[in-house]
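Read in order, the letters of the sequence shown correspond to residues 367 to 793 in our numbering.
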Amino acid sequence: MPAATDIDATHDPAVLSWVESANADDAEFPIQNLPFGRFQEPGERRWRIGVAIGDQVLDLRRAGLIRHGDMRRVLNLRPDARRALRRAIHDGLRADSASYTTWSEALVPMDRVTLGLPCRIGDYTDFYVGIHHATAVGRLFRPDNPLMPNYRWVPIGYHGRASTILPSGHDFHRPRGQIRAAPDGAPVLAESQRLDCELELGVVIGRPNALGSPIPIEQAEDHVFGLTLFNDWSARDIQSWEYQPLGPFLGKSFASTISPWMVTLEALAPFRRAFAREPGEPSPLPYLDGASNRAHGAIDIRLELRLQTAAMRAAGQPAERIGRSGFAEAAYWTVAQLVTHHTVNGCALSTGDLLGTGTLSGRDPAEAGSLLELSQGGSRPIRLANGEERHFLRDGDAISLRGGCERPGFRRIGFGDCMATVLPARG
Ligand code: CA
């Protein structure tokens, strides 16, 4: 049976689309990508299911590719049906396809639509797979012993709140919470002064597993629909006072931002890499180890963290890149290992559940995915090109995540935008 890692005709870099904007060299959504999302035109109340192609959205129902508007039914497709749908969309969008005559009426310009959450998100779990992030943050608190002893054995995670996951472009207010500023002082209820962002990927679960039925690692990717960008906004001052002994809570649950497009595992096939630990690292326990995970468990995705302050926006300056990293280099665990570990106790994953990877920082301190690392725990501000400085985020700051995959011999594919602006705390 074909696997999600197989390269086929839908990845052929020579294929062009009759949607001209998809053929530009810098297009994020060429015909080789075809990510899924939900959109509305002005005045509409129901979400429609679309696929991004160039600067357009293809309405799948209007194109006759599906007969419903339920994204969960798309996520729940069996792997072979999913591949067939991708193939049908690809074939109809090819420059030489006769579908042009009917499908051109199913196209909507992306700048005319509102893009929503890519699907209704059921449960949300955030992992901590970024070993350089975990080490850098751990060092701030435990200089001699930054990584906890379980880190190299257990894919660490916690259950987050799905209700506060926001679509890209949905701004949010700075949270208030219980904060203890001085180590021996009394806590107060106050606005967070240490508001941060986290550069992550989101993993969208496609097919569910039954309660009590762990997903073996060789089947794990059959349960994954695709990946998104994900910004797990974090209030470090609330977090540091509340997180022991049960983990993150209100310092995380005020907002998280997800990008509108789910880039499918099929689209990511050309960008797979062998998963290997560095010498001296322990091998994963057998249930987290497998031939296909070793052969191509990692995914090469380049990631960027960009900041645009209110002053930059007023001056017409674009967002400035403040951090960058790569998924394959940053992650200690693969997507398949996260799915398998999550279900090893019999936990049931549902269609539309979201797994966050955790902050993906590179090895180099400048490759960090959070301000906590870039400012070394808030002790040394980062300096922006316009002369402004930041320890943490100020009101009016907009953070945008970008992601893309490149490999010689293949078309570059992108993830779109994952952006939101920090609004002042509510009075
Ligand atoms: Ca996180």
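Backbone N, C-alpha and C fix where the C-beta goes; we use that ideal spot for every residue, glycine too.
Could you check the C-alpha separation between residue 700 and residue 663 for me, to the nearest Å?
-> 6 Å
Return the chain-ordered list of same chain residues with a C-beta closer than 6 Å to the C-beta of residue 578, the five sequence neighbours on each side being excluded.
-> 712
Count the other C-beta atoms from every protein chain shown that fall within 10 angstroms of the C-beta of residue 612, then say buried if there are 16 or more, exposed otherwise.
-> exposed
Can you tell me where the beta strand (DSSP E) with residue 411 in it begins and where it stops?
-> Here residue 411 belongs to no beta strand (DSSP E), and DSSP marks it neither H nor E.
Hey, would you say residue 667 sits closer than 8 Å to residue 641, going by beta carbons?
-> no
Which of helix, strand or coil DSSP assigns to residue 525 | strand
Ordered along the chain, which non-local residues of its own chain (more than five positions away) have a Cβ less than 8 Å from that of residue 716?
-> 488, 489, 571 and 574
Where the beta strand (DSSP E) containing residue 556 begins and where it ends | 554-557
Examine ligand 1 and report whether any of its heavy atoms sits within less than 7 Å of the Cβ of residue 566.
-> yes
Secondary structure of residue 566, DSSP reduced to three states = strand
Segment limits, beta strand (DSSP E) that includes residue 490 | 490-493
Residue environment, residue 449, which counts as buried when at least 16 other CB atoms sit within 10 Å = buried
DSSP-derived helix/strand/coil call for residue 604 | helix
Could you tell me which residues DSSP puts in a beta bridge with residue 596?
-> 566 and 624
Please check the pair residue 636 and residue 377, which I expect to be a contact at CB under 8 Å, by giving their CB distance rounded to whole angstroms.
-> 5 Å
Take the Cβ of residue 752 as the centre, count every other Cβ of all protein chains shown within 10 Å, and call the residue buried at 16 or more, exposed below.
-> exposed
Give the DSSP bridge partners of residue 780, in chain order.
-> 770
Cβ neighbours of residue 588 in the same chain (closer than 7 Å, five flanking residues each side left out) = 445 and 573
Looking at residue 630 and ligand 1, is the gap between the Cβ and the nearest heavy atom below 7 Å?
-> no
Can you give me the Cβ contacts of residue 768 inside the same chain, cut-off strictly under 6 Å, excluding the 5 residues immediately before and after it?
-> 670
Quick one: measure Cβ to Cβ for residue 627 and residue 675, integer angstroms, because I've assumed they're closer than 8 Å.
-> 26 Å between Cβ atoms; not a contact.
Is residue 492 near ligand 1, in the sense that its beta carbon is under 7 Å from a heavy atom of that ligand?
-> yes
For the alpha helix (DSSP H) that contains residue 531, what are its first and last residues?
-> Residue 531 -> not in any alpha helix (DSSP H); beta strand (DSSP E) instead, spanning 531-533.
Can we count residue 530 as close to ligand 1, meaning its CB is less than 7 Å from some heavy atom?
-> no
Short check: CB of residue 623 to CB of residue 784, under 8 Å?
-> yes
Can you tell which of 481, 520, 479 and 483 has the C-alpha that lies nearest to the C-alpha of residue 495?
-> 520
In the DSSP assignment, find the unbroken beta strand (DSSP E) run with residue 423 in it and report its ends.
-> 422-425
With DSSP as the reference, please indicate the residues paired to residue 670 in a beta bridge.
-> 690 and 768
Hey, is the region 768-783 in contact with the region 508-524, meaning 3+ C-beta pairs nearer than 8 Å?
-> no
Residue 610 in three-state terms, based on DSSP = coil
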